[in-house]
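FYI, my numbering numbers position 53 of the sequence shown as 556, with every residue one higher than the one before it.
Glycine is no exception: its CB is placed at the ideal position from the N, C-alpha and C atoms.
As the structure is a computational prediction, the values presented were derived from the model and not from experiment.
To start, the structure itself, in C-alpha cells.
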Amino acid sequence: MTTFRARYGAGPLHLAVTACCLALAGAVVLTIGFPALWNTETWWQSIGLWFVGAAVVHDAILFPLYAVLDRTLVARLGRFVNAVRIPALGAGLSLLLFAPGIFAHGSETYEAATGQTQEPYAMRWLLLVAGMFAASAAFYGGREILRQRRRRNLDVHRARLHATTAGRRDSAGRRR
504 MTTFRARYGA GPLHLAVTAC CLALAGAVVL TIGFPALWNT ETWWQSIGLW FVGAAVVHDA
564 ILFPLYAVLD RTLVARLGRF VNAVRIPALG AGLSLLLFAP GIFAHGSETY EAATGQTQEP
624 YAMRWLLLVA GMFAASAAFY GGREILRQRR RRNLDVHRAR LHATTAGRRD SAGRRR
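Rendered as C-alpha cells:
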C-alpha cells in the first residue's frame with residue numbers, strides 16, 4: 504500500500520473514483536455522439552471546444568500565473584495573505600457566475616423577458632467585491648487587535664511571574 508501511494512501519489516480509492524469518472528465521461532460521449540459536442544453554426548459555442556480550451560488554458564496558462572502570484576503574495580504579505588486571498592477568490596467566482604449580466608451578454612433577451620436592463624449588474628458586482636474586501640480587512644484588523652492584546656497580557660503575566668520568583672528566598676535566607 505505504501506509503495507502504491509508513493510508511486511501513484513494517492514490511495515487506490517482515488518484511482519478507482521478517477522477511473523469511474525473517466526469511464527462515465529466516455530460513456531456519455533459515446534451515447535450522445537461526437538457531433539453533439541460541436542456546434543456547426545457557431546463554432547465558439549461548442550461544448551468540446553470549451554472543455555478542451557478550459558483545460559488547456561487553465562492548466563497551461565492560468566494555473567502557473569496564479570501560482571506565481573500566490574507565491575509573490577505569500578512572500579510580500581506574510582500572515583496578511585489570506586485577507587487578500589479569500590475576497591479575491593470570492594470576486595473571481597462571483598465574476599464567473601455573473602459575467603453574462605456584468606458584461607451585458609444577451610441584454611436584448613434579458614430586457615424582453617424582464618423589462619429591465621442589465622446596467623446595474625457591474626456596479627452591484629463592484630460593490631459586492633468592495634464589501635468582501637472591507638469585511639476581510641475588518642476581520643483581519645480585529646484578529647490583529649486580539650493578538651496584540653494576548654501578547655501584551657502574556658508579557659504582563661511573565662513580568663509578574665519573574666518578579667515573584669526573583670523575590671523568593673531559599674531556606675538559608677538567600678535569594679534564589
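Please classify residue i as buried or exposed, where buried requires at least 16 neighbouring CB atoms within 10 angstroms.
| i | result |
| --- | --- |
| P590 | buried |
| A616 | exposed |
| A528 | exposed |
Cβ of residue i versus every heavy atom of the ligand GDP: is any distance shorter than 8 Å?
| i | result |
| --- | --- |
| P538 | The ligand content of the structure shown is nil, which means the ligand GDP is not present either. |
Alpha helix (DSSP H) containing residue i: first to last residue?
| i | result |
| --- | --- |
| V555 | 550-559 |
| E611 | 610-617 |
| F583 | First-last for F583: undefined, no H or E at that position. |
| P515 | 515-535 |
| T506 | 505-511 |
Could you check the C-alpha separation between residue i and residue j for me, to the nearest Å?
| i | j | result |
| --- | --- | --- |
| N585 | D573 | 10 Å |
| A509 | A519 | 16 Å |
| A607 | P623 | 10 Å |
| T667 | A640 | 41 Å |
| L631 | A594 | 8 Å |
| P515 | T506 | 11 Å |
| T612 | T620 | 10 Å |
| L576 | R653 | 27 Å |
| G512 | L525 | 18 Å |
| V560 | L664 | 60 Å |
| S549 | S610 | 21 Å |
| V571 | L565 | 10 Å |
| F583 | Y569 | 17 Å |
(request) Count the C-beta pairs between the region 626-640 and the region 648-666 that are closer than 8 Å, then say yes if the count reaches three, no if not. (result) With the cut-off at 8 Å, the region 626-640 and the region 648-666 do not touch.
(message) If contact is defined by three or more beta carbon pairs under 8 Å, each pair taking one atom from either stretch, is the region 592-605 in contact with the region 617-631?
(response) The answer is yes - the region 592-605 touches the region 617-631, with three or more Cβ pairs under 8 Å.
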